[in-house]
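Data first, discussion second: the structure below is written as structure tokens.
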Amino acid sequence: MRRQEKKTAANAAGNTNKYEQIPWIEKRAVWIIAFLVIAAYISTLKFGYISLDDAKIILDNQDKISDVSSIPESFVSEYGFNQGTPYYRPMVNISFIANALVGGREPAIYHFTNVLLHFGCCWLLYLLFTTLSTDKTLALLAAGILAVHPLFTNAVSWIAGRNDLLAALFALASFLFMVRYIELNRKLYLWFHFALLLLAMFSKEVAVVLPLCCVLFVLLFGNRQGIRKYLPVLSIGWVAAIGIFMGLRLSVIKTSGVIYGFEAFRASFPALPETIMKFLLPHVYSPLPGFSATFTIIGFILIFALVFAPFILPGVERKKYYWGLAWFTSMLLPGLFVILSDQQERIDFLDCRVYLPAAGLMYALIQLVPAAWITMLKTKPLRLLVVAVPLIALTYINSNFYANPKAFAERLIEADTHSAFAYRKIADYYYTNSDYPASVRYLTKAIDLAPGSIPLYKNLALNYSRMNQYSEAEATLEKAARLNNTDWEIFMGLAKLHFIRRQYDKAFNDLSAIWALGKNPASLGALYNDLLKIFRELDPGKAAILYSNLRKLENS
60 MRRQEKKTAA NAAGNTNKYE QIPWIEKRAV WIIAFLVIAA YISTLKFGYI
110 SLDDAKIILD NQDKISDVSS IPESFVSEYG FNQGTPYYRP MVNISFIANA
160 LVGGREPAIY HFTNVLLHFG CCWLLYLLFT TLSTDKTLAL LAAGILAVHP
210 LFTNAVSWIA GRNDLLAALF ALASFLFMVR YIELNRKLYL WFHFALLLLA
260 MFSKEVAVVL PLCCVLFVLL FGNRQGIRKY LPVLSIGWVA AIGIFMGLRL
310 SVIKTSGVIY GFEAFRASFP ALPETIMKFL LPHVYSPLPG FSATFTIIGF
360 ILIFALVFAP FILPGVERKK YYWGLAWFTS MLLPGLFVIL SDQQERIDFL
410 DCRVYLPAAG LMYALIQLVP AAWITMLKTK PLRLLVVAVP LIALTYINSN
460 FYANPKAFAE RLIEADTHSA FAYRKIADYY YTNSDYPASV RYLTKAIDLA
510 PGSIPLYKNL ALNYSRMNQY SEAEATLEKA ARLNNTDWEI FMGLAKLHFI
560 RRQYDKAFND LSAIWALGKN PASLGALYND LLKIFRELDP GKAAILYSNL
610 RKLENS
């Protein structure tokens, strides 16, 4: 009995000594990651909306997202609950529902959730890298970089960046369970892998590429027997998961406002070298990308260096290194072939799209770290502050650009004085705050930069109307009509202006133009009823035409 007790005590002492030999940064990995995330993003908890998708999806949808019964509807609705977006992301809708049930319209709960998801992704990255036999100190270094790197502020500080946070959370967890399944041959891990893969795809479409990364991993690091045993089973599950996702997506998405292929790639291609440059040479970024020749050239030089680094530096595990680069490129490239067709500028490739691909880039880069540096990090971990503090400072600065619409728009203008979109955003801010003269000033500047943008003319006319400057509003909409005579909203705006100015014949002509386009003027609401009443008194014949055309449209 005493011998058994001594043996147990000896084992306990041995385990304790073994634990004490572990560098303290590894023993407290979760707390270090949490501290870094909080230090970089705690300021976002007091941020508001910036009116770049976030307000539209959350504030305009409170009736939907504040009702728990909308959860099933999320799987048969577009992203943002049928606001015309060409995306299918039910898990993001559900996350907004959960937030709305707790905090309603207050932005703090949405920002807190983003920070929490970011911490979850950083912790999963640490777990995944250690599972892949990465030194724990290096794994912690990679997770710490993800936690505080300024490139990822777009994903964390912008509420709508949650798409990429959720996709990364589920994708990293899914891949981790696949690795565990191969190691331990436990069927439960296999089912977790497939379920989390499906949730990742339900968060953002790019997760469809994850099985490709899995195939490369199994082929590169598995033995022949393991490949024969696991790859067929995994392949069946991947095909089934992708089939379920694509079937649901195709049944829901009816919007065609997307440009695919090489036309989109030509516009977005500079994002690849610029992303590399932003990651390796972090600085203060613009909230929206503004491609420059200088950044592109630097980026291509860095890409060249990355491709050939394992042949220059000694001791690099090339298979691991190039698998990490394969993850990065395969996750990043699909987004380069897709842009929204209604964009007036190249603003589609936001930095948040880099969040999930960056996991592969970091896995590749830590393969380049010399053994001497790893020893130094273990014995003198406080030297990491030399890297962490500047990155936290840069992230804090970049995050503040998402504090409110004004800060967001002002930074856009500062980064690119020739961006019509930037001037439109600052004009929107002043319009919301009833400073119509300031809004007119910025919209005029935006039109000078993008004279073919119809939405700018509509917004300018609306500002003039708010100031009771109806002649200017009418002239603005007439310019828009000359640019595009098939936009029924232009004629609707003219009809309202002509009605206000008692120019009833012109209002009737505007409604006729709307009918010619096949649009129902009943959407004018009270204006239509008032016009019908007036035409009955002044010109019964016109009233009869209005009524007859309306009935024809209703019956068609």
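Counting in this note's numbering, the sequence shown runs from 60 upward without gaps.
For each residue, glycine too, the CB sits at the ideal point set by N, CA and C.
Given the structure is predicted, the values throughout are model-derived calculations rather than measurements.
Taking buried to mean at least 16 other C-beta atoms within 10 Å of its own C-beta, is Met-526 buried or exposed?
-> exposed
Span of the alpha helix (DSSP H) holding Lys-123?
-> 121-124
Start-end ranges of the beta strand (DSSP E) lying completely within the stretch 332-419, minimum 3 residues = 397-399
State the start and end residues of the unbroken alpha helix (DSSP H) segment that holds Met-526.
-> No alpha helix (DSSP H) holds Met-526; DSSP gives it neither H nor E.
Closer than 8 Å by C-beta to Pro-536: which residues in its own chain qualify, once you throw out the five before and the five after it? Chain order, please.
-> One point to set straight first is that residue 536 is Leu, not Pro, in the sequence displayed. Correct list, in chain order: Tyr-516, Lys-517, Ala-520, Ile-549, Gly-552, Leu-553, Leu-556.
Between Cys-411 and Ala-534, which are expected to be in contact by the criterion C-beta below 8 Å, what is the C-beta distance as a whole number of angstroms?
-> Not quite, the Cβ-Cβ distance comes to about 40 Å (not below 8 Å), so this is no contact.
Own chain partners of Ile-398 with C-beta closer than 7 Å, once the 5 adjacent residues on each side are dropped = Ile-318, Ala-323, Ala-326, Ser-327, Asp-407
Return the CA-CA distance between Lys-354 and Asp-487, expressed in angstroms with no decimal places.
-> The amino acid at residue 354 is misidentified as Lys; the sequence shows Phe. Roughly 30 Å separates the two Cα atoms.
Between the C-alpha atoms of Leu-415 and Ala-266, what's the straight-line distance to the nearest angstrom?
-> 9 Å
May I have the straight-line CA-CA distance separating Ser-264 from Tyr-147, to the nearest angstrom?
-> The residue you asked about is not Ser; residue 264 is Glu in the sequence shown. For Glu-264 and Tyr-147, the distance between alpha carbons rounds to 8 Å.
Which ranges does the alpha helix (DSSP H) cover as unbroken runs of at least 4 residues, wholly within the stretch 175-220, from first to last along the chain?
-> 195-207, 212-216
Alpha carbon to alpha carbon, how far is Ile-204 from Ser-493?
-> 42 Å
Those residues which DSSP pairs with Tyr-46 across a bridge = Nothing can be reported for residue 46: it is not among the residues displayed for the chain, which extend from 60 to 615.
In terms of residues, what are the limits of the alpha helix (DSSP H) holding Asn-244?
-> Looking at the DSSP string, Asn-244 is not in any alpha helix (DSSP H), and its letter there is neither H nor E.
Where Arg-560 sits in the DSSP three-state scheme | coil
What distance in whole Å lies between the Cβ atoms of Leu-231 and Leu-184, which are believed to be in contact at a cut-off of 8 Å?
-> 6 Å
Relative to the C-alpha of Phe-94, which residue among His-177, Val-135, Phe-338, Leu-339 is closest?
-> His-177
With DSSP as the reference, label Gln-426 as helix, strand or coil.
-> coil
Could you check the C-alpha separation between Met-305 and Trp-382 for me, to the nearest Å?
-> 27 Å
Proximal residues to Ile-109 (C-beta, below 6 Å), its chain only, five neighbours per side dropped = Tyr-461, Pro-464, Phe-467
CA nearest to the CA of Ala-532, picked from Pro-510, Leu-508, Ile-559 | Ile-559
Hey, would you say Met-150 sits closer than 8 Å to Leu-200, going by beta carbons?
-> no
Measure how close the beta-carbons of Lys-347 and Leu-409 come, nearest whole angstrom, since I'm counting them as under 8 Å.
-> Sequence check: residue 347 is Leu here, not Lys. About 7 Å; that satisfies the 8 Å criterion.
Using 10 angstroms around the beta-carbon of Gly-600, count the other beta-carbons present and answer buried if the total reaches 16, otherwise exposed.
-> exposed
Which listed residue (Val-298, Pro-291, Lys-246) has its alpha carbon closest to that of Leu-257 = Val-298
Does the stretch 129-139 come close enough to the stretch 242-257 to have 3 or more Cβ pairs within less than 8 Å?
-> no
When burial is assigned at 16 or more other CB atoms within 10 Å of the CB, is His-477 buried or exposed?
-> exposed
Classification of Arg-470 by the beta-carbon crowding that lies within 10 angstroms, buried from 16 upward = buried
Just curious, the alpha helix (DSSP H) that Ile-109 is in, first and last residue?
-> Careful: Ile-109 lies outside any alpha helix (DSSP H) and carries neither H nor E.
Buried or exposed (CB count within 10 angstroms, at least 16 for buried), Gln-426 | buried
Taking Cβ to Cβ, would you say Leu-111 is nearer than 8 Å to Ala-219?
-> yes
From the DSSP output, in three-state form, read off Ala-159 for me.
-> helix
Looking only at its own chain, which residues have a Cβ that is under 8 Å from the Cβ of Tyr-529, when we skip the five neighbours before and after it?
-> Tyr-523, Leu-556, Ile-559, Arg-560
Could one say the Cβ of Ala-575 lies closer than 8 Å to chain D's Cβ atoms, at least one of them?
-> Checking the listed chains, one finds no chain D in this structure; it contains a single protein chain.
Do you know whose CA, among Phe-253, Pro-291, Lys-337, His-342, lies nearest Gly-302's CA?
-> Phe-253
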